[in-house]
Amino acid sequence: MSKKMDLEDNILFITGRLAENNLKKVIELIENKNFKYEVRNLGINVAALMTIDIIEKNIGDVEKFNKIIIPGKARGDIEKLSKKLKTLVIRGPDELKDLPVLFGAKPLKYDLSKYEAHIFAEITDAALLSIDDTIKIANDFRNRGADIIDIGCLPNEPFPHLEELIQELKRREFYVSVDSHNENELITGSKAGADYILSLKSTNIHLLDEIDSIPILIPDKPDDMNSLFKIIDTCIDKKRTFVADPILEPIHHGFTESIVRYYMLREKYPEIHIMMGTGNITELTHADTTGITMTLMGIISELQINHILTTEVSNHCATVINETDIARRIALSSKIENVTPKHIHNGLLTTHSDKSFSYSLDEIKKIAKDVKDSNYRIMLSDKGVSLFNKNKFLTEIDPYDFFNEIEVDGDIGHAFYLGVELARAQIAFQLKKEYEQDEELNWGCIVKKDEEDKLTFKEAGPTYKKKNDS
(Lines of atoms letter the chains of each structure in order from A and count residues from 1; the text may use other names and numbers.)
(Lines give C-alpha, C1' and ligand atoms only; values in the text may rest on other atoms or scores of the structure.)
Protein backbone atom coordinates (compact mmCIF):
# COMPACT_ATOMS: atom_id res chain seq x y z
CA MET A 1 0.00 0.00 0.00
CA SER A 2 1.42 3.34 -1.01
CA LYS A 3 -1.22 5.58 0.60
CA LYS A 4 -1.06 6.34 4.33
CA MET A 5 -4.08 7.35 6.32
CA ASP A 6 -4.48 10.72 8.01
CA LEU A 7 -5.73 10.21 11.55
CA GLU A 8 -8.33 12.94 10.96
CA ASP A 9 -9.98 11.06 8.09
CA ASN A 10 -13.57 9.93 7.95
CA ILE A 11 -13.21 6.45 6.48
CA LEU A 12 -15.71 3.94 5.13
CA PHE A 13 -14.53 0.32 5.35
CA ILE A 14 -16.25 -2.02 2.90
CA THR A 15 -16.50 -5.71 3.77
CA GLY A 16 -18.64 -8.84 3.57
CA ARG A 17 -20.58 -10.79 6.18
CA LEU A 18 -17.91 -13.31 7.13
CA ALA A 19 -15.12 -10.74 7.58
CA GLU A 20 -17.16 -8.01 9.28
CA ASN A 21 -16.46 -8.94 12.90
CA ASN A 22 -12.78 -9.61 12.28
CA LEU A 23 -12.44 -6.27 10.48
CA LYS A 24 -13.99 -4.44 13.43
CA LYS A 25 -11.59 -6.18 15.83
CA VAL A 26 -8.56 -5.23 13.72
CA ILE A 27 -9.68 -1.60 13.50
CA GLU A 28 -10.14 -1.48 17.28
CA LEU A 29 -6.53 -2.63 17.72
CA ILE A 30 -5.15 0.33 15.72
CA GLU A 31 -3.31 2.60 18.14
CA ASN A 32 -4.00 6.37 18.43
CA LYS A 33 -7.18 5.93 16.45
CA ASN A 34 -8.38 9.54 16.08
CA PHE A 35 -10.10 9.06 12.74
CA LYS A 36 -13.82 8.56 12.31
CA TYR A 37 -14.99 5.44 10.54
CA GLU A 38 -17.86 3.20 9.61
CA VAL A 39 -17.78 -0.49 8.68
CA ARG A 40 -20.31 -1.25 5.96
CA ASN A 41 -21.25 -4.85 5.14
CA LEU A 42 -22.50 -5.02 1.56
CA GLY A 43 -24.43 -8.24 2.15
CA ILE A 44 -22.00 -10.52 0.34
CA ASN A 45 -20.56 -13.36 2.40
CA VAL A 46 -17.01 -13.42 1.03
CA ALA A 47 -15.38 -10.00 0.69
CA ALA A 48 -12.79 -11.37 -1.73
CA LEU A 49 -15.56 -12.19 -4.22
CA MET A 50 -16.54 -8.55 -4.60
CA THR A 51 -15.92 -6.63 -7.80
CA ILE A 52 -15.84 -2.89 -8.32
CA ASP A 53 -19.21 -3.13 -10.07
CA ILE A 54 -20.74 -4.93 -7.08
CA ILE A 55 -19.33 -2.33 -4.70
CA GLU A 56 -20.61 0.58 -6.80
CA LYS A 57 -24.07 -0.96 -7.00
CA ASN A 58 -24.40 -1.71 -3.28
CA ILE A 59 -22.29 0.86 -1.44
CA GLY A 60 -25.02 3.41 -0.81
CA ASP A 61 -24.45 7.00 0.34
CA VAL A 62 -20.77 7.94 0.77
CA GLU A 63 -21.04 11.74 0.82
CA LYS A 64 -19.71 12.18 4.37
CA PHE A 65 -16.58 10.08 3.81
CA ASN A 66 -13.32 11.35 2.36
CA LYS A 67 -11.80 7.87 1.93
CA ILE A 68 -13.16 4.41 1.22
CA ILE A 69 -11.14 1.27 1.89
CA ILE A 70 -12.26 -1.79 -0.07
CA PRO A 71 -11.16 -5.45 0.29
CA GLY A 72 -7.68 -6.09 -1.06
CA LYS A 73 -8.78 -8.82 -3.44
CA ALA A 74 -11.74 -6.95 -4.91
CA ARG A 75 -11.40 -6.89 -8.69
CA GLY A 76 -11.63 -3.90 -10.97
CA ASP A 77 -10.58 -0.33 -11.65
CA ILE A 78 -10.48 1.62 -8.38
CA GLU A 79 -9.65 4.90 -10.13
CA LYS A 80 -12.86 4.59 -12.11
CA LEU A 81 -14.78 3.88 -8.89
CA SER A 82 -13.18 6.90 -7.18
CA LYS A 83 -14.34 9.18 -9.99
CA LYS A 84 -17.89 7.83 -9.90
CA LEU A 85 -18.17 8.12 -6.12
CA LYS A 86 -16.20 11.41 -6.03
CA THR A 87 -14.29 9.94 -3.09
CA LEU A 88 -10.79 8.46 -2.88
CA VAL A 89 -11.00 4.65 -3.01
CA ILE A 90 -8.06 2.70 -1.58
CA ARG A 91 -7.51 -1.01 -1.93
CA GLY A 92 -6.78 -2.55 1.45
CA PRO A 93 -4.26 -5.32 2.11
CA ASP A 94 -4.97 -8.89 1.08
CA GLU A 95 -4.72 -9.94 4.73
CA LEU A 96 -6.77 -8.17 7.42
CA LYS A 97 -3.90 -8.43 9.90
CA ASP A 98 -1.90 -6.01 7.71
CA LEU A 99 -4.54 -3.25 7.83
CA PRO A 100 -2.83 -1.29 10.68
CA VAL A 101 0.12 -0.62 8.35
CA LEU A 102 -2.11 1.84 6.47
CA PHE A 103 -2.33 3.85 9.68
CA GLY A 104 1.37 4.05 10.42
CA ALA A 105 1.88 0.79 12.28
CA LYS A 106 5.14 -1.06 11.79
CA PRO A 107 4.80 -3.41 8.81
CA LEU A 108 4.43 -7.03 9.77
CA LYS A 109 6.37 -8.04 6.68
CA TYR A 110 10.10 -8.61 6.92
CA ASP A 111 12.71 -6.60 5.06
CA LEU A 112 13.99 -8.89 2.30
CA SER A 113 16.01 -6.23 0.51
CA LYS A 114 19.28 -7.30 2.17
CA TYR A 115 21.44 -10.41 2.13
CA GLU A 116 24.91 -11.47 3.24
CA ALA A 117 26.07 -14.34 1.01
CA HIS A 118 26.90 -13.76 -2.66
CA ILE A 119 25.74 -16.14 -5.37
CA PHE A 120 28.13 -17.56 -7.96
CA ALA A 121 26.08 -19.06 -10.82
CA GLU A 122 28.00 -21.46 -13.03
CA ILE A 123 27.52 -21.74 -16.78
CA THR A 124 28.92 -25.25 -16.91
CA ASP A 125 29.23 -25.63 -20.69
CA ALA A 126 30.40 -22.14 -21.62
CA ALA A 127 33.23 -23.58 -23.74
CA LEU A 128 30.62 -25.10 -26.08
CA LEU A 129 28.54 -21.94 -26.39
CA SER A 130 28.90 -18.84 -28.50
CA ILE A 131 29.63 -15.56 -26.76
CA ASP A 132 26.13 -14.29 -27.55
CA ASP A 133 24.48 -17.39 -26.09
CA THR A 134 26.61 -17.17 -22.96
CA ILE A 135 25.70 -13.50 -22.52
CA LYS A 136 22.00 -14.39 -22.71
CA ILE A 137 22.42 -16.99 -19.99
CA ALA A 138 24.47 -14.59 -17.88
CA ASN A 139 21.75 -11.94 -18.14
CA ASP A 140 19.12 -14.48 -17.09
CA PHE A 141 21.23 -15.59 -14.12
CA ARG A 142 21.82 -12.01 -13.02
CA ASN A 143 18.13 -11.17 -13.32
CA ARG A 144 17.33 -14.14 -11.09
CA GLY A 145 19.75 -13.16 -8.34
CA ALA A 146 23.28 -14.19 -9.32
CA ASP A 147 26.06 -11.81 -8.26
CA ILE A 148 28.97 -13.49 -10.06
CA ILE A 149 28.85 -15.40 -13.35
CA ASP A 150 31.06 -18.48 -13.12
CA ILE A 151 32.46 -19.52 -16.50
CA GLY A 152 32.80 -23.30 -16.47
CA CYS A 153 35.59 -24.81 -18.54
CA LEU A 154 35.47 -28.46 -19.66
CA PRO A 155 38.36 -30.96 -19.46
CA ASN A 156 40.04 -31.51 -22.83
CA GLU A 157 37.69 -29.03 -24.51
CA PRO A 158 39.34 -26.06 -26.24
CA PHE A 159 38.06 -22.65 -25.17
CA PRO A 160 39.56 -20.27 -27.75
CA HIS A 161 37.05 -17.49 -27.03
CA LEU A 162 37.53 -17.48 -23.23
CA GLU A 163 39.43 -14.19 -23.18
CA GLU A 164 36.96 -12.44 -25.49
CA LEU A 165 34.00 -13.78 -23.49
CA ILE A 166 35.35 -12.47 -20.19
CA GLN A 167 36.12 -9.08 -21.70
CA GLU A 168 32.58 -8.87 -23.10
CA LEU A 169 31.06 -9.83 -19.75
CA LYS A 170 33.18 -7.23 -17.96
CA ARG A 171 32.16 -4.63 -20.55
CA ARG A 172 28.57 -5.38 -19.54
CA GLU A 173 29.47 -4.88 -15.86
CA PHE A 174 29.30 -8.51 -14.77
CA TYR A 175 31.41 -9.90 -11.97
CA VAL A 176 33.09 -12.97 -13.45
CA SER A 177 34.86 -16.09 -12.22
CA VAL A 178 36.65 -18.74 -14.26
CA ASP A 179 36.27 -22.36 -13.17
CA SER A 180 38.91 -24.69 -14.61
CA HIS A 181 41.42 -27.44 -13.84
CA ASN A 182 43.63 -26.09 -16.60
CA GLU A 183 46.34 -23.69 -15.43
CA ASN A 184 46.53 -21.91 -18.79
CA GLU A 185 42.79 -21.22 -18.73
CA LEU A 186 43.05 -19.82 -15.20
CA ILE A 187 45.90 -17.53 -16.25
CA THR A 188 44.04 -16.46 -19.42
CA GLY A 189 40.91 -15.77 -17.41
CA SER A 190 42.73 -13.69 -14.85
CA LYS A 191 44.57 -11.63 -17.47
CA ALA A 192 41.26 -11.03 -19.28
CA GLY A 193 39.83 -9.45 -16.15
CA ALA A 194 38.12 -12.27 -14.22
CA ASP A 195 37.38 -11.25 -10.64
CA TYR A 196 37.80 -14.79 -9.24
CA ILE A 197 39.39 -18.05 -10.33
CA LEU A 198 38.38 -21.54 -9.24
CA SER A 199 40.35 -23.25 -7.86
CA LEU A 200 43.82 -23.29 -6.36
CA LYS A 201 45.24 -26.05 -4.19
CA SER A 202 48.73 -27.09 -3.15
CA THR A 203 49.60 -28.39 -6.63
CA ASN A 204 48.95 -25.07 -8.39
CA ILE A 205 49.26 -22.48 -5.61
CA HIS A 206 52.28 -21.14 -7.50
CA LEU A 207 49.77 -19.44 -9.82
CA LEU A 208 49.38 -16.77 -7.15
CA ASP A 209 52.42 -15.10 -8.66
CA GLU A 210 50.83 -15.00 -12.14
CA ILE A 211 47.28 -13.89 -11.41
CA ASP A 212 45.59 -10.84 -9.95
CA SER A 213 42.16 -12.45 -9.56
CA ILE A 214 40.88 -13.57 -6.16
CA PRO A 215 41.53 -17.32 -5.88
CA ILE A 216 39.12 -19.87 -4.44
CA LEU A 217 41.23 -22.25 -2.35
CA ILE A 218 40.34 -25.93 -1.97
CA PRO A 219 41.99 -28.91 -0.24
CA ASP A 220 43.93 -31.48 -2.26
CA LYS A 221 41.27 -34.00 -1.21
CA PRO A 222 38.07 -33.12 0.63
CA ASP A 223 39.20 -34.82 3.85
CA ASP A 224 42.70 -33.28 3.76
CA MET A 225 42.05 -30.07 5.66
CA ASN A 226 45.72 -29.59 6.47
CA SER A 227 46.43 -29.01 2.77
CA LEU A 228 43.78 -26.28 2.79
CA PHE A 229 45.10 -24.72 5.99
CA LYS A 230 48.57 -24.57 4.48
CA ILE A 231 47.58 -22.62 1.36
CA ILE A 232 45.31 -20.36 3.43
CA ASP A 233 48.31 -19.45 5.55
CA THR A 234 50.34 -18.91 2.38
CA CYS A 235 47.78 -16.38 1.13
CA ILE A 236 47.65 -14.68 4.52
CA ASP A 237 51.45 -14.39 4.57
CA LYS A 238 51.42 -12.92 1.07
CA LYS A 239 48.58 -10.57 2.08
CA ARG A 240 46.45 -11.94 -0.77
CA THR A 241 42.68 -11.76 -0.74
CA PHE A 242 41.18 -15.25 -1.09
CA VAL A 243 38.11 -17.42 -0.52
CA ALA A 244 38.35 -20.91 1.02
CA ASP A 245 36.08 -23.84 0.13
CA PRO A 246 36.41 -27.14 2.06
CA ILE A 247 34.07 -28.82 -0.51
CA LEU A 248 30.56 -29.99 0.29
CA GLU A 249 30.30 -33.73 -0.41
CA PRO A 250 27.23 -35.68 -1.65
CA ILE A 251 25.01 -37.62 0.75
CA HIS A 252 26.62 -40.94 1.77
CA HIS A 253 29.85 -39.81 0.19
CA GLY A 254 31.07 -37.71 3.10
CA PHE A 255 28.22 -35.20 3.41
CA THR A 256 28.04 -34.96 7.22
CA GLU A 257 31.81 -34.93 7.63
CA SER A 258 32.07 -32.15 5.05
CA ILE A 259 29.59 -30.03 7.03
CA VAL A 260 31.80 -30.54 10.07
CA ARG A 261 34.79 -29.36 8.04
CA TYR A 262 33.03 -26.07 7.27
CA TYR A 263 32.49 -25.65 11.00
CA MET A 264 36.15 -26.44 11.70
CA LEU A 265 37.31 -23.94 9.09
CA ARG A 266 35.19 -21.14 10.54
CA GLU A 267 36.39 -21.94 14.05
CA LYS A 268 40.04 -21.85 12.98
CA TYR A 269 39.71 -18.75 10.77
CA PRO A 270 36.90 -16.54 12.12
CA GLU A 271 37.55 -13.69 9.68
CA ILE A 272 38.24 -15.29 6.30
CA HIS A 273 35.82 -15.53 3.39
CA ILE A 274 34.39 -19.01 2.81
CA MET A 275 32.51 -20.50 -0.13
CA MET A 276 30.08 -23.42 -0.22
CA GLY A 277 29.21 -25.10 -3.50
CA THR A 278 25.73 -26.57 -3.15
CA GLY A 279 25.61 -28.55 -6.39
CA ASN A 280 26.82 -31.84 -4.88
CA ILE A 281 23.62 -31.89 -2.85
CA THR A 282 21.07 -30.19 -5.12
CA GLU A 283 22.22 -31.91 -8.31
CA LEU A 284 22.92 -35.34 -6.81
CA THR A 285 19.75 -35.68 -4.72
CA HIS A 286 16.44 -36.41 -6.42
CA ALA A 287 14.31 -34.19 -4.24
CA ASP A 288 12.78 -30.77 -4.75
CA THR A 289 15.57 -28.28 -4.27
CA THR A 290 13.68 -25.56 -2.39
CA GLY A 291 13.86 -27.30 0.98
CA ILE A 292 17.42 -28.47 0.38
CA THR A 293 18.49 -24.94 -0.51
CA MET A 294 16.88 -23.38 2.57
CA THR A 295 18.42 -25.98 4.88
CA LEU A 296 21.88 -25.43 3.42
CA MET A 297 21.30 -21.69 3.69
CA GLY A 298 20.69 -22.13 7.40
CA ILE A 299 24.17 -23.64 7.72
CA ILE A 300 25.63 -20.95 5.48
CA SER A 301 24.04 -18.22 7.59
CA GLU A 302 25.02 -19.67 10.96
CA LEU A 303 28.64 -20.22 9.89
CA GLN A 304 28.80 -16.82 8.17
CA ILE A 305 29.75 -18.38 4.86
CA ASN A 306 30.18 -15.55 2.39
CA HIS A 307 29.76 -17.11 -1.06
CA ILE A 308 27.59 -19.82 -2.61
CA LEU A 309 28.41 -21.63 -5.85
CA THR A 310 25.23 -22.78 -7.60
CA THR A 311 24.55 -24.92 -10.66
CA GLU A 312 21.42 -25.60 -12.70
CA VAL A 313 22.46 -28.63 -14.74
CA SER A 314 19.80 -31.21 -13.81
CA ASN A 315 16.20 -30.52 -14.77
CA HIS A 316 15.07 -30.63 -11.15
CA CYS A 317 17.58 -27.86 -10.37
CA ALA A 318 16.15 -25.42 -12.92
CA THR A 319 15.31 -22.71 -10.35
CA VAL A 320 18.15 -23.11 -7.85
CA ILE A 321 19.40 -19.56 -8.42
CA ASN A 322 15.95 -18.10 -7.64
CA GLU A 323 15.66 -20.32 -4.58
CA THR A 324 19.11 -19.41 -3.30
CA ASP A 325 18.38 -15.71 -3.73
CA ILE A 326 15.19 -15.95 -1.66
CA ALA A 327 16.75 -18.30 0.89
CA ARG A 328 19.66 -15.95 1.63
CA ARG A 329 17.22 -13.09 2.27
CA ILE A 330 15.03 -15.22 4.51
CA ALA A 331 18.09 -16.39 6.43
CA LEU A 332 19.31 -12.85 7.08
CA SER A 333 15.85 -11.70 8.20
CA SER A 334 15.67 -14.70 10.51
CA LYS A 335 19.04 -13.76 11.99
CA ILE A 336 18.30 -10.04 12.37
CA GLU A 337 14.85 -10.54 13.90
CA ASN A 338 15.98 -13.54 16.00
CA VAL A 339 13.10 -15.68 14.77
CA THR A 340 12.88 -19.04 13.06
CA PRO A 341 12.65 -18.84 9.25
CA LYS A 342 8.88 -19.29 9.30
CA HIS A 343 6.26 -16.83 8.01
CA ILE A 344 9.03 -14.58 6.64
CA HIS A 345 8.39 -15.24 2.94
CA ASN A 346 6.43 -17.90 1.06
CA GLY A 347 8.64 -18.03 -2.02
CA LEU A 348 10.07 -21.42 -1.07
CA LEU A 349 6.66 -22.92 -0.31
CA THR A 350 6.09 -24.39 -3.74
CA THR A 351 4.27 -27.70 -3.39
CA HIS A 352 2.36 -26.90 -0.22
CA SER A 353 1.02 -23.70 1.37
CA ASP A 354 1.29 -22.33 4.89
CA LYS A 355 -2.50 -22.45 5.02
CA SER A 356 -4.91 -24.49 2.97
CA PHE A 357 -8.68 -24.44 3.39
CA SER A 358 -10.16 -21.13 4.49
CA TYR A 359 -13.68 -22.48 5.01
CA SER A 360 -15.33 -25.62 6.31
CA LEU A 361 -17.93 -27.39 4.19
CA ASP A 362 -20.69 -26.06 6.47
CA GLU A 363 -19.44 -22.49 6.00
CA ILE A 364 -19.39 -22.93 2.23
CA LYS A 365 -22.97 -24.20 2.34
CA LYS A 366 -23.99 -21.03 4.19
CA ILE A 367 -22.26 -18.91 1.56
CA ALA A 368 -24.06 -20.85 -1.18
CA LYS A 369 -27.47 -20.01 0.28
CA ASP A 370 -26.92 -16.34 -0.59
CA VAL A 371 -26.09 -16.99 -4.25
CA LYS A 372 -28.88 -15.61 -6.44
CA ASP A 373 -27.54 -16.25 -9.95
CA SER A 374 -26.56 -19.15 -12.20
CA ASN A 375 -22.82 -18.44 -12.25
CA TYR A 376 -20.78 -21.22 -10.71
CA ARG A 377 -18.61 -20.63 -7.65
CA ILE A 378 -15.81 -22.99 -6.70
CA MET A 379 -14.45 -23.28 -3.17
CA LEU A 380 -12.38 -25.81 -1.22
CA SER A 381 -12.82 -27.44 2.16
CA ASP A 382 -11.24 -30.49 3.74
CA LYS A 383 -14.11 -32.52 2.25
CA GLY A 384 -13.28 -31.71 -1.36
CA VAL A 385 -14.11 -29.27 -4.15
CA SER A 386 -17.50 -27.55 -3.88
CA LEU A 387 -19.19 -26.26 -7.05
CA PHE A 388 -22.38 -24.26 -6.63
CA ASN A 389 -24.80 -21.68 -7.97
CA LYS A 390 -28.39 -20.78 -7.11
CA ASN A 391 -29.64 -24.14 -8.39
CA LYS A 392 -26.98 -26.66 -7.34
CA PHE A 393 -24.51 -27.48 -4.60
CA LEU A 394 -22.04 -30.26 -5.37
CA THR A 395 -18.95 -31.47 -3.53
CA GLU A 396 -16.56 -33.93 -5.14
CA ILE A 397 -12.85 -34.72 -5.20
CA ASP A 398 -12.47 -35.74 -8.85
CA PRO A 399 -13.57 -33.06 -11.38
CA TYR A 400 -14.92 -35.79 -13.67
CA ASP A 401 -17.59 -36.51 -11.06
CA PHE A 402 -19.13 -33.10 -11.76
CA PHE A 403 -19.52 -33.79 -15.47
CA ASN A 404 -23.12 -35.00 -15.60
CA GLU A 405 -24.33 -32.28 -13.21
CA ILE A 406 -22.86 -29.15 -14.76
CA GLU A 407 -25.24 -27.09 -16.88
CA VAL A 408 -23.61 -24.69 -19.31
CA ASP A 409 -26.31 -24.64 -22.03
CA GLY A 410 -23.86 -25.21 -24.85
CA ASP A 411 -21.56 -22.37 -23.77
CA ILE A 412 -18.22 -23.85 -24.83
CA GLY A 413 -16.23 -20.96 -23.37
CA HIS A 414 -17.84 -21.33 -19.97
CA ALA A 415 -17.37 -25.10 -20.06
CA PHE A 416 -13.69 -24.60 -20.83
CA TYR A 417 -13.38 -22.09 -17.99
CA LEU A 418 -14.99 -24.50 -15.51
CA GLY A 419 -12.67 -27.27 -16.65
CA VAL A 420 -9.62 -25.11 -16.00
CA GLU A 421 -10.86 -23.96 -12.60
CA LEU A 422 -11.93 -27.43 -11.43
CA ALA A 423 -8.54 -28.84 -12.45
CA ARG A 424 -6.80 -26.12 -10.44
CA ALA A 425 -9.09 -26.78 -7.50
CA GLN A 426 -8.39 -30.52 -7.61
CA ILE A 427 -4.63 -29.92 -7.59
CA ALA A 428 -4.99 -27.49 -4.69
CA PHE A 429 -7.11 -29.99 -2.77
CA GLN A 430 -4.63 -32.82 -3.35
CA LEU A 431 -1.67 -30.71 -2.23
CA LYS A 432 -3.60 -28.84 0.48
CA LYS A 433 -2.76 -25.55 -1.21
CA GLU A 434 -4.70 -22.32 -1.12
CA TYR A 435 -7.21 -21.97 -3.94
CA GLU A 436 -9.03 -18.86 -5.04
CA GLN A 437 -11.28 -18.92 -8.06
CA ASP A 438 -9.97 -16.99 -11.08
CA GLU A 439 -6.44 -16.96 -9.64
CA GLU A 440 -3.44 -19.05 -10.68
CA LEU A 441 -2.19 -21.46 -8.05
CA ASN A 442 0.82 -20.09 -6.21
CA TRP A 443 3.95 -22.14 -6.92
CA GLY A 444 6.33 -19.81 -5.10
CA CYS A 445 9.58 -18.86 -6.77
CA ILE A 446 9.59 -21.76 -9.25
CA VAL A 447 6.92 -20.21 -11.50
CA LYS A 448 7.04 -16.61 -12.66
CA LYS A 449 3.81 -14.90 -11.72
CA ASP A 450 1.75 -12.67 -13.98
CA GLU A 451 2.62 -9.16 -12.83
CA GLU A 452 -0.70 -7.69 -13.94
CA ASP A 453 -1.43 -4.67 -11.79
CA LYS A 454 -4.54 -5.42 -9.78
CA LEU A 455 -4.54 -1.86 -8.48
CA THR A 456 -5.67 -0.48 -11.81
CA PHE A 457 -7.90 -2.95 -13.56
CA LYS A 458 -8.33 -6.66 -14.05
CA GLU A 459 -11.20 -7.96 -16.10
CA ALA A 460 -13.80 -9.74 -14.01
CA GLY A 461 -13.63 -13.50 -14.54
CA PRO A 462 -16.50 -15.58 -15.94
CA THR A 463 -17.78 -16.14 -12.42
CA TYR A 464 -18.74 -12.50 -12.20
CA LYS A 465 -20.05 -11.99 -15.72
CA LYS A 466 -23.75 -12.15 -16.36
CA LYS A 467 -24.71 -15.26 -18.22
CA ASN A 468 -26.01 -14.72 -21.74
CA ASP A 469 -29.55 -16.05 -21.59
CA SER A 470 -30.17 -15.67 -25.29
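Under numbering that gives the first Met the number 0, the residue at position 240 of the sequence shown is numbered 239, and the numbers go up by one with no gaps. Backbone N, C-alpha and C fix where the C-beta goes; we use that ideal spot for every residue, glycine too. As the structure is a computational prediction, the values presented were derived from the model and not from experiment.
Straight across, the Cα-Cα distance linking residue 244 with residue 262 is about 12 Å. The C-alpha of residue 95 is placed about 17 Å away from the C-alpha of residue 88.
Contact holds between the stretch 114-121 and the stretch 291-305, because three or more Cβ pairs, one in each stretch, are under 8 Å apart.
By the C-beta criterion, the stretch 403-412 is judged not to be in contact with the stretch 359-371, since fewer than 3 inter-stretch pairs fall below 8 Å. Across the structure, residue 58 and residue 417 are spaced so that their CA atoms are roughly 30 Å apart. Collapsing the DSSP output to three states places residue 21 in a helix. Fewer than three Cβ pairs drawn from the stretch 281-299 and the stretch 70-87 lie within less than 8 Å of each other, which leaves the two stretches out of contact. By the criterion of a C-beta distance shorter than 7 Å, residue 281 is surrounded in its chain by 288, 291, 292, 316, 319, once the five residues flanking it on both sides are discounted.
Separation of the CB atoms of residue 258 and residue 230 is rounded to 21 Å, and the pair is thereby denied contact status at 8 Å.
A straight-line Cα-Cα distance of about 25 Å links residue 344 and residue 26. Here the alpha carbons of residue 150 and residue 127 stand approximately 11 Å from one another. For residue 22, same chain residues with a beta-carbon under 7 Å away, outside a window of 5 residues either side, are 12, 14, 38, 95 in chain order.
Secondary structure at residue 102: helix, using DSSP grouped into helix, strand and coil. The criterion of a C-beta distance shorter than 8 Å is satisfied by residue 273 and residue 304.
Going by C-alpha positions, residue 339 is about 15 Å away from residue 353. Only exposed fits residue 155, as fewer than 16 other CB atoms lie within 10 angstroms of its CB.
Runs of the beta strand (DSSP E) lying entirely within the stretch 103-180, each at least 3 residues long, are 117-122, 147-151, 174-178 in chain order.
Per DSSP, residue 290 is not a residue of any beta strand (DSSP E); the alpha helix (DSSP H) it occupies stretches across 288-301. Looking at the DSSP output, residue 74 shares a beta bridge with 50. As DSSP reads the structure, residue 214 sits in a beta bridge with 196. Secondary structure at residue 261: helix, using DSSP grouped into helix, strand and coil. As the crow flies, the alpha-carbon of residue 32 is around 13 Å from that of residue 24.
For residue 413, the enclosing alpha helix (DSSP H) starts and ends at 411-430. With respect to the 8 Å criterion, residue 133 and residue 161 are not classified as neighbours on the basis of their beta carbons.
In this chain, the alpha helix (DSSP H) harbouring residue 188 covers 182-191. Where residue 66 is concerned, there is no enclosing alpha helix (DSSP H), although the beta strand (DSSP E) around it starts and stops at 66-69. Assigned with DSSP and collapsed to three states, residue 393 falls in strand. Annotation for residue 202: 219 place their beta carbon closer than 8 Å to its own, counting only its chain and skipping 5 residues before and after.
Only residues of its own chain outside the window of five on either side were considered, and among them 111, 114 have a CB closer than 6 Å to the CB of residue 328, listed in chain order. Counting the other CB atoms within 10 Å of its CB gives residue 375 a total of 16 or more, which places it among the buried residues.
When rounded, the separation of the alpha-carbon atoms in residue 382 and residue 424 is 12 Å.
Between the C-alpha atoms of residue 370 and residue 311 there is a straight-line separation of about 49 Å. Within the same chain, Cβ atoms closer than 7 Å to the Cβ of residue 80 are found at 51, 54, 55, 88, the five residues on either side in sequence being excluded. In the structure shown, residue 438 adopts coil according to DSSP, grouped into three states. Per DSSP, the beta bridge partners of residue 274 are 306.
Residue 321 and residue 444 have their C-alpha atoms some 6 Å from each other.
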